[in-house]
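Undergrad: Position 355 (the sequence shown) corresponds to 370 in our numbering; numbering is contiguous. Quick one: the structure is below, and I'll ask about it shortly.
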Amino acid sequence: MTRYLESYSHSSLQMSKNMKLHSSGILKAMSREVIHGRNLVLLLANMVLLVILISAGCTSMLGRGIAQGWAGGIVVDDTIIVGSRGGKIMALDATDGSLQGDPVVLTVQLPSSAFGCGGGTSGVAIYSSPVMNENLVYIGGYNSGKVYAFLFDGESLTAESEYNFPREGDLGAAIVGELAIDQDGNVFFGCANGTVYALDATLRSIWEYDTGDEIWSSPAIAEDTLFIGNFGKKLYALNTNDGTERWVFETRGAIIAAPLVNEDRVYFGTFGRRFYAVDTASGEEVWRFPSDDSDESKPKNWFWAKPLVNNGTIYAPNMDGKVYALDAETGALVNQFDLGGAIVSSPVMIGDLIIVATQEGEVYSVNTVNNEQELLASLDEKTQAPLFAGTDTVYVHTFEDNLYAIDVQTGASQKFSLSTDTSE
16 MTRYLESYSH SSLQMSKNMK LHSSGILKAM SREVIHGRNL VLLLANMVLL
66 VILISAGCTS MLGRGIAQGW AGGIVVDDTI IVGSRGGKIM ALDATDGSLQ
116 GDPVVLTVQL PSSAFGCGGG TSGVAIYSSP VMNENLVYIG GYNSGKVYAF
166 LFDGESLTAE SEYNFPREGD LGAAIVGELA IDQDGNVFFG CANGTVYALD
216 ATLRSIWEYD TGDEIWSSPA IAEDTLFIGN FGKKLYALNT NDGTERWVFE
266 TRGAIIAAPL VNEDRVYFGT FGRRFYAVDT ASGEEVWRFP SDDSDESKPK
316 NWFWAKPLVN NGTIYAPNMD GKVYALDAET GALVNQFDLG GAIVSSPVMI
366 GDLIIVATQE GEVYSVNTVN NEQELLASLD EKTQAPLFAG TDTVYVHTFE
416 DNLYAIDVQT GASQKFSLST DTSE
């Protein structure tokens, strides 16, 4: 763990005061764990994630610094669209990883500071994976505090954004979670300033809702209701039309994992090491796992990655290295799969296979029919980005800024580098 922390120490020491403020929410969540008698060793292990997140600022006094985000991507026909760790949005040929058009370079102007940056520009860290509606690709900037929309012509992206939000200035806080798009093409997201934003397709504001605490979670939308969690240990259900509150559900831990909506329930995990099922209409708790603290199978760490559902079973990855298989109706533990390493990357479903990666780069398939797990690939590169998928292929974006395309049937893989030699 020491080597892991040291590898990020240089950039983290140079981060701006603004980036430190963005990290206050996770510090608060950690301190709450200590106050309630949580294990200090576990706290220090989880601080690794904090070091990485807050190191997204500039790394040089002149020119564009290294952004260091961790974004997933999308597959559009034969094109991959992904955000690199260098603050670039790239369109790649899915067959060989070749670049289609020039990458879009996101930068942010840095204020003069006594602590390192000294003005100039920095690359925009991208934690928010791109989403697409019609011919527009949307993405949120972490240290820019802006949402961008770029035209996609079927092969490449326009160099300049078609729309931005806000039009002038920025939100003054980080965008960490992914954006969500409803059936009308409206765009929704949460911000570290605690506000949920609703925008139209051209990124003009429709409404805002203040939750009162930092948001790193991604929203989930079902019909006309949006569900999102915050560091204040609450899950919110909001009317997508006008932002009015339908209900608020209080938990025992901060909510980072994106919720999952299935039929009439919303499922989500927390930093309190609990996993919940809540009625989407009433906001009443249906069940929680574990049901009490005496349960020997209770998770040992946080729920950070988004859960999945298949054939009446919820699959909930945890940072203790296990995927918990829970009965969607009752919350009873059906099975658990021990992958041997912390799980931060949200998994994907391909057919009856759940593909999940550990933080150390071990990529597994979990067969939901016969409950067998299989090691697909050992990448020997750290990963925390959400996985994304094409037909029979899972894509894994690593800290080395490599994108691995892995065949889920054979385990055969290709490596595409997202590092470019341009000199912006």
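From the three backbone atoms N, C-alpha and C, an ideal C-beta is built for every residue, glycine too. Being a predicted model, the structure only gives us computed values, none of them experimental.
Exposed or buried, alanine 71, counting other C-beta atoms within 10 Å across all chains shown (16 or more means buried)?
TA: Taking the first residue of the sequence shown as position 1, residue 71 is located at position 56. Because alanine 71 sits at a pLDDT of 44, beneath the cut-off of 50, its placement in the model cannot be relied upon, and the following sentence gives the value as read from the coordinates. Result: buried.
Undergrad: What is the residue span of the beta strand (DSSP E) that valine 211 lies within?
TA: Along the sequence shown, read from residue 1 onward, the residue named residue 211 stands at position 196. Start and end: 210-214.
Undergrad: Measuring straight from C-alpha to C-alpha, what distance separates isoleucine 230 and alanine 427?
TA: For the purposes of this step, residue 230 is identified with residue 215 of the sequence shown, where counting begins at 1. For the purposes of this step, residue 427 is identified with residue 412 of the sequence shown, where counting begins at 1. When rounded, the distance between both Cα atoms is 38 Å.
Undergrad: Glycine 416 and glycine 101: beta carbons closer than 9 Å?
TA: Position 401 of the sequence shown holds residue 416. Position 86 of the sequence shown holds residue 101. Note on residue identity: the sequence assigns aspartate, not glycine, to residue 416. A contact, by the Cβ cut-off of 9 Å.
Undergrad: Using a Cβ distance threshold of 8 Å, determine whether the region 85-95 contacts the region 104-113, with at least three qualifying pairs required.
TA: The region 85-95 vs the region 104-113: in contact.
Undergrad: Three-state secondary structure (DSSP) at glycine 98?
TA: Locating residue 98 in the sequence shown gives position 83, where the first residue counts as 1. DSSP places glycine 98 in strand when its eight states are reduced to three.
Undergrad: Taking 8 Å as the cut-off, does the region 201-220 touch the region 242-259 (at least 3 CB pairs, one atom from each stretch)?
TA: These segments touch.
Undergrad: When we look at the beta-carbon of threonine 17 and count the other beta-carbons within 10 Å, is it buried (16 or more) or exposed?
TA: Start at 1 with the first residue of the sequence shown, and residue 17 comes out as number 2. Confidence in threonine 17 is poor, its pLDDT being 30 and thus under 50, which makes the residue's placement unreliable; the coordinate value appears in the next sentence. With fewer than 16 other Cβ atoms within 10 Å, it is exposed.
Undergrad: Please say whether glycine 336 and threonine 383 have beta carbons closer to each other than 9 Å?
TA: The residue you call residue 383 lines up with position 368 of the sequence shown. The residue you call residue 336 lines up with position 321 of the sequence shown. No, the pair does not count as a contact, with Cβ atoms beyond the cut-off.
Undergrad: Buried or exposed for serine 233, please, with buried defined as at least 16 other CB atoms from any protein chain shown within 10 angstroms of its CB.
TA: By one-based count along the sequence shown, residue 233 stands at place 218. Result: buried.
Undergrad: Between the Cα of glycine 247 and those of Thr259, Ala357, Val263, Thr240, spot the shortest distance and give me the residue it belongs to.
TA: Locating residue 247 in the sequence shown gives position 232, where the first residue counts as 1. Residue Val263 is the option with its Cα nearest to glycine 247.
Undergrad: Hey, quick one: how far does the beta strand (DSSP E) through leucine 341 stretch, first residue to last?
TA: Here residue 341 corresponds to residue number 326 of the sequence shown, with the count starting at 1. Per DSSP, leucine 341 belongs to the beta strand (DSSP E) from 337-342.
Undergrad: Sorted by chain position, which residues of the same chain lie with C-beta nearer than 6 Å to tyrosine 282's C-beta, five sequence neighbours on each side aside?
TA: As a first step, residue 282 must be located in the sequence shown, where it is residue number 267. Cβ neighbours of tyrosine 282 beyond the five flanking positions: Leu275, Ala292, Pro322, Ile329.
Undergrad: Shortest alpha-carbon distance to proline 145 belongs to which of Thr136, Ser137, Gly135, Tyr157?
TA: To locate residue 145, count along the sequence shown from 1; it is residue 130. Among Thr136, Ser137, Gly135, Tyr157, the Cα nearest to that of proline 145 belongs to Tyr157.
Undergrad: Measuring alpha carbon to alpha carbon, tell me which residue in Gly405, Thr217, Ala400, Asp353 is nearest valine 381.
TA: The residue given as residue 381 occupies position 366 in the sequence shown. Per the Cα distances, Asp353.
Undergrad: Could you check what DSSP says for lysine 315 in three-state terms: helix, strand or coil?
TA: Locating residue 315 in the sequence shown gives position 300, counting from the first residue. Reduced to three states, the DSSP call for lysine 315 is coil.
Undergrad: Going by other Cβ atoms of all chains shown within 10 Å of its Cβ, with 16 needed for buried, is aspartate 228 buried or exposed?
TA: Walking along the sequence shown from the start, residue 228 turns up at place 213. Buried, since its Cβ has 16 or more Cβ neighbours within 10 Å.
Undergrad: Looking only at its own chain, which residues have a Cβ that is under 6 Å from the Cβ of serine 312, when we skip the five neighbours before and after it?
TA: As a first step, residue 312 must be located in the sequence shown, where it is residue number 297. So the qualifying residues of the chain are Leu348.
Undergrad: Using DSSP bridges, identify the partner residues of leucine 390.
TA: Position 375 of the sequence shown, counting from 1, holds the residue named residue 390. Tyr379, per the DSSP bridge assignment.
Undergrad: Helix, strand or coil: how does DSSP classify leucine 348 here?
TA: Here residue 348 is taken as the residue at index 333 of the sequence shown, counted from 1. DSSP places leucine 348 in strand when its eight states are reduced to three.
Undergrad: Below 6 Å CB to CB, which residues in the same chain sit around asparagine 333 once its five sequence neighbours on both sides are set aside?
TA: By one-based count along the sequence shown, residue 333 stands at place 318. The answer, listed in chain order, is Pro314, Asn316, Phe318.
Undergrad: Among Pro126, Lys103, Val123, which one has its Cα closest to the Cα of aspartate 117?
TA: What you label residue 117 is simply residue 102 of the sequence shown in a count that begins at 1. Residue Lys103 is the option with its Cα nearest to aspartate 117.
Undergrad: How is lysine 103 classed by DSSP in three states: helix, strand or coil?
TA: On the sequence shown, residue 103 is found 88 positions in, with the first residue counted as 1. In the structure shown, lysine 103 sits in a strand (DSSP, three-state: E or B).
Undergrad: Return no unless some Cβ of chain B is closer than 9 Å to the Cβ of glycine 356.
TA: Looking at the structure shown, chain B is missing, and only one protein chain is on hand.
Undergrad: Using the rule of at least 16 other Cβ atoms within 10 Å of the residue's Cβ for burial, across every protein chain shown, is glutamine 115 buried or exposed?
TA: The sequence position of residue 115 within the sequence shown is 100, counting from 1. Glutamine 115 should be labelled buried.
Undergrad: In chain order, what are the residue ranges of uninterrupted beta strand (DSSP E) at least 3 long that sit wholly in the region 276-306?
TA: Complete beta strand (DSSP E) runs here, min 3: 280-284, 290-294, 300-304.
Undergrad: Start and end of the beta strand (DSSP E) containing valine 324?
TA: The residue labelled residue 324 in the question sits at position 309 within the sequence shown. Counting along the chain, the beta strand (DSSP E) containing valine 324 begins and ends at 323-325.
Undergrad: May I ask you to list the residues that DSSP assigns as paired with glutamine 124?
TA: In the sequence shown, residue 124 corresponds to position 109, counting from 1. In DSSP, glutamine 124 forms a bridge with Thr136.
Undergrad: Just reading off the beta strand (DSSP E) that lysine 249 is part of, what are its end residues?
TA: Position 234 of the sequence shown, counting from 1, holds the residue named residue 249. That run of the beta strand (DSSP E) goes 249-254.
Undergrad: Provide the residue span of the beta strand (DSSP E) that contains glutamine 429, from first to last.
TA: Within the sequence shown, numbered from 1, the residue matching residue 429 stands at position 414. Residues 428-432.
Undergrad: For asparagine 179, report the span of its beta strand (DSSP E) as first-last.
TA: Within the sequence shown, numbered from 1, the residue matching residue 179 stands at position 164. Run containing asparagine 179: 178-180, per the beta strand (DSSP E) assignment.
Undergrad: Which value, in whole angstroms, describes the spacing of the CA atoms of phenylalanine 414 and glutamine 429?
TA: Working through the sequence shown from its first residue, we reach residue 414 at position 399. Working through the sequence shown from its first residue, we reach residue 429 at position 414. Cα-Cα distance, rounded: 16 Å.
Undergrad: Go through the region 147-228 residue by residue and report every complete run of the beta strand (DSSP E) that reaches 3 residues or more, in order.
TA: With a minimum length of 3 residues, the continuous beta strand (DSSP E) runs that stay inside the region 147-228 are 151-155, 162-166, 178-180, 202-205, 210-214, 220-225.
Undergrad: Is the distance from the Cβ of phenylalanine 286 to the Cβ of alanine 331 below 9 Å?
TA: Against the sequence shown, residue 286 aligns to sequence position 271. Against the sequence shown, residue 331 aligns to sequence position 316. In this structure, alanine 331 does not lie closer than 9 Å to phenylalanine 286 by Cβ.
Undergrad: If you measure between the beta carbons of leucine 121 and alanine 164, is that distance less than 9 Å?
TA: Locating residue 121 in the sequence shown gives position 106, counting from the first residue. Locating residue 164 in the sequence shown gives position 149, counting from the first residue. The answer is no: Cβ separation not under 9 Å.
Undergrad: Tell me, please, which residues DSSP counts as bridged to phenylalanine 414.
TA: On the sequence shown, position 399 is the one that residue 414 refers to. According to DSSP, phenylalanine 414 bridges with nothing at all.
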